[in-house]
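When we follow full-length UniProt numbering, the leftmost residue of the sequence shown carries the number 1, and every step to the right adds one. From the three backbone atoms N, C-alpha and C, an ideal C-beta is built for every residue, glycine too. First up is the structure itself, then whatever we jot down about it.
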Amino acid sequence: MVSAGRVGAVLGAALANAGHTVVAASAVSRASRARAEELLPGAEILPPDEVVRRADLALLAVPDDVLPGLVRGLAASDCLRPGQIVVHTCGAAGVGVLAPAAEHAVLPIALHPAMTVTGRAEDVARLTGACVGVTGPEGPGLDRWSSSAGSVSEDADAAWLVGEALVVEMGAEPVRIPEAMRPLYHAALAHGANHLVTLVREAADILSGAGIEPAERVLAPLLSAALDNALRHGDRALTGPVVRGDAGTVATHLRHLDDRAPDAAPLYRALARRTAERARAGGLVDPAAADDVVAALERPRP
Numbered sequence: 001m002v003s004a005g006r007v008g009a010v011l012g013a014a015l016a017n018a019g020h021t022v023v024a025a026s027a028v029s030r031a032s033r034a035r036a037e038e039l040l041p042g043a044e045i046l047p048p049d050e051v052v053r054r055a056d057l058a059l060l061a062v063p064d065d066v067l068p069g070l071v072r073g074l075a076a077s078d079c080l081r082p083g084q085i086v087v088h089t090c091g092a093a094g095v096g097v098l099a100p101a102a103e104h105a106v107l108p109i110a111l112h113p114a115m116t117v118t119g120r121a122e123d124v125a126r127l128t129g130a131c132v133g134v135t136g137p138e139g140p141g142l143d144r145w146s147s148s149a150g151s152v153s154e155d156a157d158a159a160w161l162v163g164e165a166l167v168v169e170m171g172a173e174p175v176r177i178p179e180a181m182r183p184l185y186h187a188a189l190a191h192g193a194n195h196l197v198t199l200v201r202e203a204a205d206i207l208s209g210a211g212i213e214p215a216e217r218v219l220a221p222l223l224s225a226a227l228d229n230a231l232r233h234g235d236r237a238l239t240g241p242v243v244r245g246d247a248g249t250v251a252t253h254l255r256h257l258d259d260r261a262p263d264a265a266p267l268y269r270a271l272a273r274r275t276a277e278r279a280r281a282g283g284l285v286d287p288a289a290a291d292d293v294v295a296a297l298e299r300p301r302p
């Protein structure tokens, strides 16, 4: 596997638990070496090309911007061979980024765990029940993935099936993501997970700024219920002044945010406006009331 970063080490450990042997890994930083020692005991630490040369399944778990250059370098170093499985874990990319490997007739697969990965042992257990986005070859240019051993369609089907099998072996649930939809898929996950953290911390900071502590204790039951309801009931889980059409309350919020938490006010405005739009589209708020809320959001600060 290439590298013993957070995702690579966790997926490598999960595959090892399923019976695979992690023969080698690349690890440069002190943190990645420590991670490899903990999660991938017995794996030899080698340069990337040597790792791939020894592996039947090469797992390329590197940052998105590093992946294209790494694939080109591996293809040029003659460490790939026909029938070898090459998997990358970048969320926004499909198998197109593995095109330089086509000359070596490898089986290209993109796997991306839809979960937050910290690189610790508990992440291996958390994979159970998580979803993993799977992408294999498809559409125009499919002939790049053909081999002398079988037809183009057979090779493409094999890649999808092998990817799904690897996910199942790790105890996760495979979800097929078309090549063209990978960027949108990844944007949705980043928007939901990363921006959720930002939103929670903004709310906690506002409470702390108002002297309300511990902010996390105040927010935990509310936010846990809101997340659960949103996943279960969709937009019908919306509550609060925007859905009620309480434009006056929204205006009051903005006055105090502008005065006491000016950095948070633009985010409140943007999300409240989007909430009003969703509530209107779903028939959850009277259109006239939604207009009043939007007007309050757009009203310039006195």
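Identify whether residue i lies in helix, strand or coil by the three-state DSSP scheme.
i    : result
R301 : coil
L267 : helix
E213 : coil
E44  : strand
V106 : coil
V293 : helix
V62  : coil
V285 : coil
L98  : helix
T118 : coil
A93  : coil
S224 : helix
Should residue i be labelled buried (16 or more other beta-carbon atoms within 10 Å of its own) or exposed?
i    : result
D292 : buried
D259 : exposed
R255 : exposed
G209 : exposed
H233 : exposed
I109 : buried
S3   : buried
S151 : At S151 the pLDDT is 49, less than 50, meaning the model places this residue with poor confidence and gives no usable figure here.
V95  : buried
E277 : exposed
A149 : Here the model assigns A149 a pLDDT of 43, short of 50, so the residue's position is not dependable and the matter cannot be decided.
Looking only at DSSP bridge pairs, what is residue i linked to?
i    : result
V132 : P113 and P174
A24  : E44
L57  : I85
I think residue i touches residue j, with their Cβ atoms under 8 angstroms apart; what is that distance to the nearest whole Å?
i    : j    : result
L40  : G12  : 5 angstroms
H186 : A92  : 4 angstroms
T135 : I177 : 5 angstroms
A114 : V97  : Not really, about 19 angstroms apart at Cβ, beyond 8 angstroms.
Along the chain, where does the alpha helix (DSSP H) that runs through residue i open and close?
i    : result
L15  : R6 to N17
V242 : P241 to R244
H253 : A247 to R260
V71  : L67 to A76
L39  : R30 to L39
Does residue i have its Cβ less than 8 angstroms from a Cβ in chain D?
i   : result
V71 : Any reference to chain D falls outside this structure, which holds one protein chain only.
Just curious, the beta strand (DSSP E) that residue i is in, first and last residue?
i   : result
V86 : I85 to H88
So does residue i have its beta carbon nearer than 7 angstroms to some heavy atom of the ligand MG?
i    : result
E154 : Of the ligands one can find in the structure shown there are none, so the ligand MG has no counterpart to examine.
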